[in-house]
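Residue numbers (our numbering): 139 to 328.
Note sheet for the following structure.
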């Protein structure tokens, strides 16, 4: 279940390092671990998919289409959100990426006007995320087409929580916003 932070395994008495992977640049967000794979973004602009048992690379996706390792690629400060077929993540240039989970190929991109540092929430056929451009976005997971956006009064830093038909988001405006996920209408400010 998303955003619960709960594992159904027990920790051993003494922890030991199982493996280590050199990411090539700083990592600032939490790894997503799903079905024996680890998904982690780097500030070098790479989203890595690693084998959970060995740490061996399965695939690598870059935030830009260039294969030149010296060319600047916007980094990933946000944690990845993983579904059955896709990985969703935003970058520091405000691009939201949908990536094929199987092979790491790009599916689509959506441009916002500032960096994305929070994770995304997938609800049905839509994905919801915030941007420092002072907006919360809802896109179609299949195409990246915008369903709605809600303008806030400050950058959105958080990952949106979803309960029932509402998403809850906060930002630098100091308000908790409750938004109907079907219509994008703000229900109330707390």
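For each residue, glycine too, the CB sits at the ideal point set by N, CA and C.
| Item | Value |
| --- | --- |
| Measuring only the C-alpha atoms, how far is residue 296 from residue 173? | 25 angstroms |
| State the start and end residues of the unbroken beta strand (DSSP E) segment that holds residue 249. | 244-249 |
| Do you know whose CA, among 229, 291, 189, 176, lies nearest residue 96's CA? | This structure cannot settle anything about residue 96, because the visible part of the chain is limited to 139 through 328. |
| With H, G and I counted as helix, E and B as strand and the rest as coil, what does DSSP make of residue 296? | coil |
| Tell me which residues share the same chain as residue 281 and place their Cβ nearer than 7 angstroms to its Cβ, disregarding the 5 neighbours each side in the sequence. | 246 |
| Could you tell me the boundaries of the beta strand (DSSP E) in which residue 289 lies? | 284-289 |
| Going by C-alpha distance, which of 211, 151, 272 is nearest residue 179? | 211 |
| Report yes if the CB atom of residue 305 is closer than 8 angstroms to the CB atom of residue 260, and no otherwise. | no |
| Assuming residue 268 is part of the beta strand (DSSP E), what are its boundary residues? | 264-269 |
| If I follow the unbroken beta strand (DSSP E) through residue 307, where does it start and stop? | 304-308 |
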